[in-house]
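These protein sequence lines map, in sequence, to chains A and B. Under the numbering used here, residues 182 to 400 are what the first sequence spells out, in order. Under the numbering used here, residues 182 to 400 are what the second sequence spells out, in order. Backbone N, C-alpha and C define an ideal beta-carbon position, used for all residues, glycine too.
Number of protein chains: 2
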Amino acid sequence: MRALAVEDDPRIAADLRAALTSAGFRVETCGDGEEAWFRGDTEDYDLVVLDLGLPGLDGLAVLKRWRAAGRAMPVLVLTARGTWQERVEGIEAGADDYLPKPFRMEELIARARALVRRAGGHAAALQEAGALALDTNRMGVAVRGVPVQVTALEYRLLSYLMLHRDRVVPSTELLEHLYGDDDAREANALEAVIARLRRKLGPGIIATRRGFGYFLEPA
Amino acid sequence: MRALAVEDDPRIAADLRAALTSAGFRVETCGDGEEAWFRGDTEDYDLVVLDLGLPGLDGLAVLKRWRAAGRAMPVLVLTARGTWQERVEGIEAGADDYLPKPFRMEELIARARALVRRAGGHAAALQEAGALALDTNRMGVAVRGVPVQVTALEYRLLSYLMLHRDRVVPSTELLEHLYGDDDAREANALEAVIARLRRKLGPGIIATRRGFGYFLEPA
DNA sequence: CGCGCGCTGACAGCAAGCTGACAGGACCGG
DNA sequence: CCGGTCCTGTCAGCTTGCTGTCAGCGCGCG
Numbered sequence: 182m183r184a185l186a187v188e189d190d191p192r193i194a195a196d197l198r199a200a201l202t203s204a205g206f207r208v209e210t211c212g213d214g215e216e217a218w219f220r221g222d223t224e225d226y227d228l229v230v231l232d233l234g235l236p237g238l239d240g241l242a243v244l245k246r247w248r249a250a251g252r253a254m255p256v257l258v259l260t261a262r263g264t265w266q267e268r269v270e271g272i273e274a275g276a277d278d279y280l281p282k283p284f285r286m287e288e289l290i291a292r293a294r295a296l297v298r299r300a301g302g303h304a305a306a307l308q309e310a311g312a313l314a315l316d317t318n319r320m321g322v323a324v325r326g327v328p329v330q331v332t333a334l335e336y337r338l339l340s341y342l343m344l345h346r347d348r349v350v351p352s353t354e355l356l357e358h359l360y361g362d363d364d365a366r367e368a369n370a371l372e373a374v375i376a377r378l379r380r381k382l383g384p385g386i387i388a389t390r391r392g393f394g395y396f397l398e399p400a
Numbered sequence: 182m183r184a185l186a187v188e189d190d191p192r193i194a195a196d197l198r199a200a201l202t203s204a205g206f207r208v209e210t211c212g213d214g215e216e217a218w219f220r221g222d223t224e225d226y227d228l229v230v231l232d233l234g235l236p237g238l239d240g241l242a243v244l245k246r247w248r249a250a251g252r253a254m255p256v257l258v259l260t261a262r263g264t265w266q267e268r269v270e271g272i273e274a275g276a277d278d279y280l281p282k283p284f285r286m287e288e289l290i291a292r293a294r295a296l297v298r299r300a301g302g303h304a305a306a307l308q309e310a311g312a313l314a315l316d317t318n319r320m321g322v323a324v325r326g327v328p329v330q331v332t333a334l335e336y337r338l339l340s341y342l343m344l345h346r347d348r349v350v351p352s353t354e355l356l357e358h359l360y361g362d363d364d365a366r367e368a369n370a371l372e373a374v375i376a377r378l379r380r381k382l383g384p385g386i387i388a389t390r391r392g393f394g395y396f397l398e399p400a
């Protein structure tokens, strides 16, 4: 599964890359309209995530050119503010789905999967690390095959740790991801969530590196 | 697999061609009612996608003439603003399925596939998930074999959940599908529909995942 | 040993979702 | 036209259970 993420904001681009990668895609990113058009026209992707606000060539123009040239890969369009006109424009230009910012990565992944499935492919829905497994379609969690019920916040935390399972995630980064820096919470809120999760999941899943942060116990 | 797309708006026609092509159809397009009638009557198609707003002969008239002449290929009807009345007219004229504009290509493809499969006799017109069954021919609903009467809106909701029965569908996505964001509704409207449906269907059919969305209870 | 970071259980506030009531509007039959 | 019926969005109140805060404790580390 090959995906192209077209997004000029480097932070969002990094998030897209990470999320799509964890969903099983081989991801390429690009921040410029001209380059996006060229690559979409010359390469075969199973999915394109396309931001409309682009330097160089506008996203809609890129999409129209692809469709005019007969390129039919599934395209998921992102746009800053989901006005009605933009949406209609997007659909008429040939978008297969459409997501207004700001959005949750979980929703983007869900829709991306649906698109790819419709197009005929099958992407693995399970992400695993050690004894833990996340089902990104059902937003479900299982430990050693046994399903565990977790809340939305808990799921987002696990999903972020899963995304970065190869490193220790600093607590500040987790706080920022869960709440955003505008909405400041006490550091203890995070610890409370971790504690509740550990009680549900049992030992040997979430590990602490004192003074740094948390990570998922590898196999 | 041969498909005929009857659509006078050249942009949408191009999109239809692209989407259907990518779904594996050999596509022919035509933008005029008279010509559509002639081709549908003299050629053999596995699928026809028919827009109702046409120059020349009206789409509904074309469909009626085909059926009167005994042509039985699957026909998927598109129409600009999906009032319930139009839908009934379309079905009485012999349409096999019906899609209001604007729509997602993803959904059109899914429905087109379902139609073709059905015509081939391989898949039943019945879609099932757990105790729930949808009869896509009669727009009927049954729980554990017992028929239940639902309204048009309720049926669309169920049918969308059925289409995506393998994942949790975010509330935002459901709202979009039911209303489109040109016509903004309170989030509570969705909850009201869900509540009414649950009362009709009984427990154990529609499940909530708090903070994410809804899904059909699997078997 | 003492400090400080992290953990935990209790608890209260609050937000998401549910429900019943109501009203506007579409449709239908007279 | 007019009255009845059905559909459906809105509103208000309610329930549920999620989640941030707090206080106190354990434990590793210096």
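In this structure, L313(B) is the residue among S352(B), L313(B), V327(B), E287(B) with its C-alpha nearest to the C-alpha of M343(B). Out of R198(B), G383(B), E188(B), the CA that lies nearest to the CA of M254(A) is found in R198(B). Here D232(B) is near E188(B), since their CB atoms are less than 8 angstroms apart. With a cutoff of 8 angstroms on beta-carbon distance, E398(A) and G326(A) are scored as not near each other. Counting only the Cα atoms, V208(B) lies some 16 angstroms from R292(B). Judged by DSSP secondary structure, G394(A) falls within the beta strand (DSSP E) whose first and last residues are 394-397. Taking 7 angstroms as the upper bound on Cβ-Cβ separation, chain B lies near residues N318, R319, M320 of the stretch 304-322 of chain A.
Here N318(A) is buried: its Cβ has 16 or more other Cβ atoms, across all protein chains shown, within 10 Å. Nearest to G221(A) by C-alpha distance, out of G240(A), S203(A), A204(A), E287(A), is G240(A).
Along the stretch 383-399 of chain A, none of the residues has a CB nearer than 9 angstroms to a CB of chain B.
A direct Cα-to-Cα measurement between R183(B) and A195(B) gives close to 16 angstroms. Residue range 368-382 is occupied by the alpha helix (DSSP H) that includes E372(A). Looking at the backbone, the Cα of H358(B) and that of G392(A) are separated by about 47 angstroms. For Y279(B), the enclosing beta strand (DSSP E) stretches over residues 278-281. Listed as beta-bridge partners of D316(B) by DSSP are L307(B), G321(B). Here P351(B) is buried. Its C-beta has 16 or more other C-beta atoms within 10 Å. With fewer than 16 other CB atoms across the displayed protein chains lying within 10 angstroms of its CB, G383(A) is exposed. Membership of I387(A) in the beta strand (DSSP E) is indicated by the continuous run 387-390. Considering only beta carbons, the part of the stretch 190-202 of chain B lying closer than 8 angstroms to chain A consists of R192, I193, A195, D196, A199, A200, T202, in chain order. Within the model, the alpha-carbon separation for R390(A) versus E372(A) is close to 13 angstroms. Looking at the DSSP output, E209(B) sits in a beta bridge with L185(B).
Taking the Cα of A376(A) as reference, the smallest distance to any Cα among A250(A), V243(A), T210(A), L338(A) is reached at L338(A). Of the residues assessed, R380(A) falls on the exposed side of the cut-off, its CB having fewer than 16 other CB atoms within 10 angstroms.
Only residues of its own chain outside the window of five on either side were considered, and among them R366 have a CB closer than 6 angstroms to the CB of Y360(A), listed in chain order.
The three-state secondary structure of L244(A), taken from DSSP, is helix.
In the three-state DSSP reduction, T353(B) falls in the helix class (H, G or I). E287(A) counts as buried, since at least 16 other C-beta atoms from the protein chains shown sit within 10 angstroms of its C-beta.
Rounded to the nearest whole angstrom, the C-alpha separation of V331(A) and L289(A) is 20 angstroms. When rounded, the separation of the alpha-carbon atoms in A323(A) and L201(B) is 38 angstroms. One alpha carbon belongs to A261(A), the other to I386(A), and they sit about 37 angstroms apart. Contact of H358(B) with chain A by beta-carbon distance below 9 angstroms is absent, the smallest such distance being about 11 angstroms. Neighbourhood of D232(B) in chain A, by CB distance below 8 angstroms: empty, with the nearest CB roughly 14 angstroms away.
In the structure shown, the three-state DSSP call for D222(B) is helix. For D225(B), the CB contacts under 8 angstroms within the same chain, skipping 5 residues up- and downstream, are R183, M254 in chain order.
In terms of Cα proximity to A400(A), the closest of G275(A), E309(A), T223(A), R294(A) is E309(A). Identification of chain A residues near V208(B) by a Cβ-Cβ cut-off of 8 angstroms yields none; the smallest Cβ-Cβ distance measures about 11 angstroms.
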